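Below: the structure, in structure tokens.
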Amino acid sequence: MAYIPPHMRQSKGGATSSPPSPASPPESVIPRFQRNPKLVSKDRPKEIVYAENAISKWFVVGLADDSRVSNLTRLEPVAMDSFERKSGEKPLSLVLKENGDEPCEFLENPWNFVAETVKQDLFSSFQQVKDEMRGYEYGEIKPTLLLRFGRILFHGNRSFTAESMIGSSPPIRTLKQMRKSFYTNLPPPYAEYITSDVVPQFDFKFEEKELYQVKLSDNMQPGSTISCKCTVAKATNQLELFKIESNQVRSLVADMSCLDKNLDLRLMLCTKRILVALTDEELENIKSLIISARLDSEVKGGLRWPLGKESSGNRYTVVGVWHTNSETFTNSSMRLKVRHADRFDFRSSSGEVAKEVSLTMPGIVPVLREQMVNTDLALEMLKENLKLIWKHFLLPGSYTRKTEQLAL
Numbered sequence: 001m002a003y004i005p006p007h008m009r010q011s012k013g014g015a016t017s018s019p020p021s022p023a024s025p026p027e028s029v030i031p032r033f034q035r036n037p038k039l040v041s042k043d044r045p046k047e048i049v050y051a052e053n054a055i056s057k058w059f060v061v062g063l064a065d066d067s068r069v070s071n072l073t074r075l076e077p078v079a080m081d082s083f084e085r086k087s088g089e090k091p092l093s094l095v096l097k098e099n100g101d102e103p104c105e106f107l108e109n110p111w112n113f114v115a116e117t118v119k120q121d122l123f124s125s126f127q128q129v130k131d132e133m134r135g136y137e138y139g140e141i142k143p144t145l146l147l148r149f150g151r152i153l154f155h156g157n158r159s160f161t162a163e164s165m166i167g168s169s170p171p172i173r174t175l176k177q178m179r180k181s182f183y184t185n186l187p188p189p190y191a192e193y194i195t196s197d198v199v200p201q202f203d204f205k206f207e208e209k210e211l212y213q214v215k216l217s218d219n220m221q222p223g224s225t226i227s228c229k230c231t232v233a234k235a236t237n238q239l240e241l242f243k244i245e246s247n248q249v250r251s252l253v254a255d256m257s258c259l260d261k262n263l264d265l266r267l268m269l270c271t272k273r274i275l276v277a278l279t280d281e282e283l284e285n286i287k288s289l290i291i292s293a294r295l296d297s298e299v300k301g302g303l304r305w306p307l308g309k310e311s312s313g314n315r316y317t318v319v320g321v322w323h324t325n326s327e328t329f330t331n332s333s334m335r336l337k338v339r340h341a342d343r344f345d346f347r348s349s350s351g352e353v354a355k356e357v358s359l360t361m362p363g364i365v366p367v368l369r370e371q372m373v374n375t376d377l378a379l380e381m382l383k384e385n386l387k388l389i390w391k392h393f394l395l396p397g398s399y400t401r402k403t404e405q406l407a408l
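So the sequence shown is numbered by the UniProt record's numbering: it starts at 1 and just counts up by one.
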């Protein structure tokens, strides 16, 4: 019998989806923690890497009096088969109680509350990024400040199961102790709303792009991942490499449950390092992996490799593939991306297809990079961006959050 690669076997048979969120934050009960991506590890390459002294936090947005969160909210189960197969329990979503006896009073300007809540963490995190940029010699470090749209999912922990929390009104302390993940796969109607209703209100430049990202492990740097961005050459119908980056490193992750809106938000400060000091041998080994890939729409991730071609030079090995089609809308203050992503992880033989919306804020980064940061200006710019998001990108949805929409 001919050999069939693992991802080919899975696409032909009963596939097992990956966990619901490709981006799970660490425990938010401890906002500051040590995670050093430079440490050598014997573990497999990590998809998500946090900087040393990275900050992760979660908070609730929307209510005028956040001390009433427990009285006005409850945890509801989310129908998500892939998550249940892995964890054995349903994830939970925090929603406002319907027809509650107590009236809800909402914040008049929630964007100000968010900016004031994250400002100290943002400034301190960016200072650490600046320190790293000054001391790095082997590649250009590119910082990015962005917002992701999705839903925060709560899971049980050792003290209690998620099942025991269904329908409950847990205090903030309990919510902070629960494990969380950020689910970025959005219902198609929302992505359509963004492109057809929101985008025409702004003076955006439009760009459409199809990319393949090949994720490689490097046995000389255990625990790290190299991302190779590629396009398809029309003449040969083969991958063409145009950028090699280290995996993304997160310095700040601030998740916010937006109770009176249809979606939650994640504010993230992260960096990528463009690898510019590769030797000729290293570059040739990487290119040989890219050239040997075959386009195949029948497999998850859209790429496959002939038998024995998944590694090169006894050093690099293919560990994952992303095939993305994105629509990008850009102006001077923001960069909006609506992306269809088809991912496959060779290590777990699992994949996912997701519709995602994110918004980067390139105008704030140069202000933060100044030697003497104008914190007032940076904070005002953040507030203005958040105000636009609240007024145009988020829909009223406190009582219309249908959790079954997540199980797409």
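Even glycine gets a Cβ: it sits at the ideal position worked out from N, Cα and C.
In this text, all values refer to a predicted model and were calculated from it rather than measured experimentally.
Identify every residue that forms a DSSP beta bridge with residue 143. 271
Report yes if the C-beta distance between residue 412 and residue 335 is below 7 Å; otherwise report no. There is no way to answer for residue 412, as the model of the chain reaches only from 1 to 408.
Residues sharing a beta bridge with residue 57, DSSP: In DSSP, residue 57 forms a bridge with 254.
Rounded C-alpha distance that separates residue 349 from residue 232: 24 Å
In this structure, does DSSP put residue 347 in helix, strand or coil? coil
In chain order, what residues of the same chain have a beta carbon less than 8 Å from the beta carbon of residue 161, not counting five sequence neighbours either side? 89
When the distance is taken between beta carbons, is residue 261 closer than 7 Å to residue 413? With the chain covering 1 to 408 only, the question about residue 413 has no answer from this structure.
Tell me whether residue 296 sits in a helix, a strand or coil according to DSSP, three-state version. Coil.
Out of 206, 216, 181 and 291, which one is the CA nearest neighbour of residue 253? 181
With a threshold of 16 other CB atoms inside 10 Å of the CB of residue 121, please say whether the residue is buried or exposed. buried
Between which residues of its own chain and residue 74 is the CB-CB distance below 7 Å, once the five residues before and five after are set aside? 95, 97, 167, 168 and 169
For residue 386 versus residue 111, is the C-beta spacing smaller than 7 Å? The criterion of a C-beta distance shorter than 7 Å is satisfied by residue 386 and residue 111.
Residue 143: buried (16+ other C-beta within 10 angstroms of its C-beta) or exposed? When all chains shown are included, residue 143 counts as buried.
Thinking just about the alpha-carbon of each residue, which of 368, 283, 61 and 315 is nearest to the one in residue 410? As displayed, the chain neither begins before 1 nor continues past 408, which places residue 410 out of reach and without an answer.
With three or more C-beta pairs closer than 8 Å as the rule, is the region 173-189 touching the region 294-312? Verdict: no, contact absent.
Any beta strand (DSSP E) of 3 or more consecutive residues that is wholly inside the region 310-377: 316-330, 335-345 and 350-360
Just reading off the alpha helix (DSSP H) that residue 91 is part of, what are its end residues? First-last for residue 91: undefined, no H or E at that position.
Contact check, residue 389 vs residue 145, beta carbons under 7 Å: no
Straight-line CA distance for residue 164 to residue 352? 29 Å
If we ignore side chains and look at the alpha-carbon of each, how far apart do residue 141 and residue 53 end up? 18 Å
Is the number of C-beta pairs between the region 324-341 and the region 201-218 that are closer than 8 Å three or more? yes
What runs of the alpha helix (DSSP H), each 4 residues or longer, lie entirely inside the region 158-183? 162-165 and 172-177
Counted within 10 angstroms of its Cβ, other Cβ atoms place residue 377 as buried (16 or more) or exposed: exposed
In chain order, what residues of the same chain have a beta carbon less than 7 Å from the beta carbon of residue 394, not counting five sequence neighbours either side? 258, 261, 262 and 263
Simplified DSSP assignment, three categories, for residue 248: Coil.
From 337, 316, 66 and 249, pick the residue whose C-alpha is nearest to that of residue 129; which is it? 249
What residue range is occupied by the uninterrupted alpha helix (DSSP H) comprising residue 69? 69-72
Does residue 126 come out as helix, strand or coil in the three-state DSSP assignment? helix
Identify the continuous alpha helix (DSSP H) that holds residue 208 and give its terminal residues. First-last for residue 208: 205-218, but that is the beta strand (DSSP E), not the alpha helix (DSSP H).
Could you check what DSSP says for residue 389 in three-state terms: helix, strand or coil? helix
Mapping DSSP to helix, strand and coil, what is residue 221? Under the three-state reduction of DSSP output, residue 221 falls in the coil class, being neither helix nor strand.
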